[in-house]
Amino acid sequence: QTPAPVAEENASPTDLGKLDIADGSITITASGYTQGETTETYTGDYVISQTGTQANYIHINGGTHNITLDNVNLNGWIQINTSKHTNDKGPFFVEGNANVTLTLAGTNTVESPSACVCAAVEAVNGSALTIKGNGTLNATAKHGECTGIGGSRWRVVGTVTIESGTINATGGGSYATGIGPGRLQNGGTFIINGGTVTSTGGSYAMGSGRDAKATKVEINGGLVTAKNGIGATTIKMTGGTANLGTK
68 QTPAPVAEEN ASPTDLGKLD IADGSITITA SGYTQGETTE TYTGDYVISQ
118 TGTQANYIHI NGGTHNITLD NVNLNGWIQI NTSKHTNDKG PFFVEGNANV
168 TLTLAGTNTV ESPSACVCAA VEAVNGSALT IKGNGTLNAT AKHGECTGIG
218 GSRWRVVGTV TIESGTINAT GGGSYATGIG PGRLQNGGTF IINGGTVTST
268 GGSYAMGSGR DAKATKVEIN GGLVTAKNGI GATTIKMTGG TANLGTK
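For the sequence shown, the residue numbers in this note's numbering are 68 to 314.
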C-alpha cells in the first residue's frame with residue numbers, strides 16, 4: 068500500500084516576527100510589516116536583532132505593538148521631501164497613533180546623523196512609546212535641533228514612558244534636549260517610572276530645548292540624571308532620585 072504523503076511543515080507564525088535588521092529597513096503597520104521586497108501580514112510580537120552593520124531604520128505607522136530590540140545598531144533614515152528636510156524620518160520612528168512597547172535586550176544604539184533633521188527615537192503626537200527591559204538604549208541625535216528621545220524640529224512629540232532599563236539620551240547641540248520636544252516644538256508628555264536615565268542636552272537636559280517646552284515631565288521612580296535641569300509646563304516628582312545639577 069502506498070503511504071500517504073507527508074504534509075510539508077510550515078513555519079510557525081511567531082517566526083514571522085523574528086527579524087534581522089541587517090536584511091533591510093523595517094516598516095511595521097497595524098496589520099503587518101515590510102522589509103526589503105517582503106511584505107507579511109502579522110500582528111504578533113517582534114524580536115529584532117542584527118548580524119551586520121548596515122545603516123537601516125525601523126518605522127512604525129499605526130497599531131499596537133510589542134517590539135524587542137536585541138543588540139541592534141540603527142542609523143538609517145529617509146528624506147521624504149528631497150528639496151527640504153521637513154519630513155525627515157529617523158532611525159526609530161513611531162507615528163499614526165501607534166502604541167509601541169519597546170523592550171531592550173543587550174546594548175542598542177540608535178543614532179540620527181547630522182544630515183537628518185529628526186530625533187534618534189521619535190514618537191509623533193498621538194502616538195505613545197513605552198521603553199522597558201534589562202538592556203541599554205543609547206539614543207543620540209547629531210542635528211542641533213533634534214533630541215535623542217522625543218521630538219524633531221518639525222513635529223510635535225507624543226507620549227514617552229520609561230519603565231526600566233539603562234537609557235542614555237543625547238540631543239544634537241545647543242538647541243536640543245536629550246529627552247523632550249525638538250526646537251520650536253512645544254508639547255509632549257515624558258514619564259519615568261524606573262530605570263537609570265541620563266539625559267544630556269545643550270540647553271535644558273530634559274523637557275525643554277531652545278524655544279521648546281514639554282507639556283509634562285513626571286518622575287515616579289528610578290535614577291534620573293539631567294545635569295542641565297528639567298523644563299516643562301508641569302513638573303511632577305513622586306519618587307526616585309534626580310540629579311539636576313545647578314538648574
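A virtual CB, placed ideally from N, CA and C, is assigned to each residue, including glycine. Predicted model, so just to flag it, every value in this text is computed and none were measured.
For residue i, collect the residues of the same chain with a Cβ closer than 6 Å to its Cβ; drop the 5 residues on either side in sequence, then sort them by chain order.
i              : result
asparagine 201 : none
valine 73      : Note that valine 73 scores a pLDDT of 46, beneath 50, so its modelled location is shaky; the value from the coordinates is reported in the next line. Answer for valine 73: no residue qualifies.
asparagine 287 : Asn260, Thr305 and Gly306
threonine 94   : Thr101 and His126
leucine 169    : Ile134 and Ile198
asparagine 128 : Thr96, Glu162 and Gly163
asparagine 166 : Thr131 and Ala195
threonine 233  : Thr203 and Thr263
Evaluate residue i with the Cβ neighbour count: other Cβ atoms within 10 Å of its Cβ, from every protein chain shown; 16 or more gives buried, anything less gives exposed.
i              : result
alanine 190    : buried
serine 179     : buried
glycine 193    : exposed
asparagine 310 : exposed
leucine 196    : buried
isoleucine 147 : exposed
glutamate 212  : buried
threonine 108  : exposed
serine 92      : buried
serine 219     : buried
leucine 136    : buried
leucine 251    : exposed
threonine 267  : buried
glutamate 75   : Reliability of the predicted coordinates at glutamate 75 is poor, the pLDDT of 40 falling under 50, and the value obtained from them is presented with this limitation in mind. Exposed: under 16 other Cβ atoms inside 10 Å.
glycine 289    : buried
lysine 280     : buried
By Cβ distance, which residues of its chain are closer than 7 Å to residue i, with the 5 residues on each side in sequence left out?
i              : result
cysteine 183   : Trp144, Asp155, Gly157 and His210
glycine 119    : Ala89
glutamine 121  : Ala89
asparagine 315 : Residue 315 cannot be examined here, being either before or after the span of the chain that is shown, 68 to 314.
cysteine 185   : Trp144, Asp155, Lys156, Gly157, Ser179, Cys213 and Ser219
aspartate 87   : Ser116, Gln117 and Thr118
Who pairs with residue i in a beta bridge, going by DSSP?
i              : result
asparagine 287 : According to DSSP, which records beta bridges pairwise, asparagine 287 is partnered with nothing at all.
alanine 281    : Ala299
tyrosine 100   : Ile95 and Glu107
**Message:** I'd like the ranges of any beta strand (DSSP E) spanning at least 3 consecutive residues and lying wholly in the segment 139-187.
**Reply:** 159-162, 166-172 and 174-179
**Asked** Can you give, in chain order, each stretch of the beta strand (DSSP E) that sits fully within the segment 213-270 and has at least 3 residues?
**Response** 226-229, 233-237, 256-259 and 263-267
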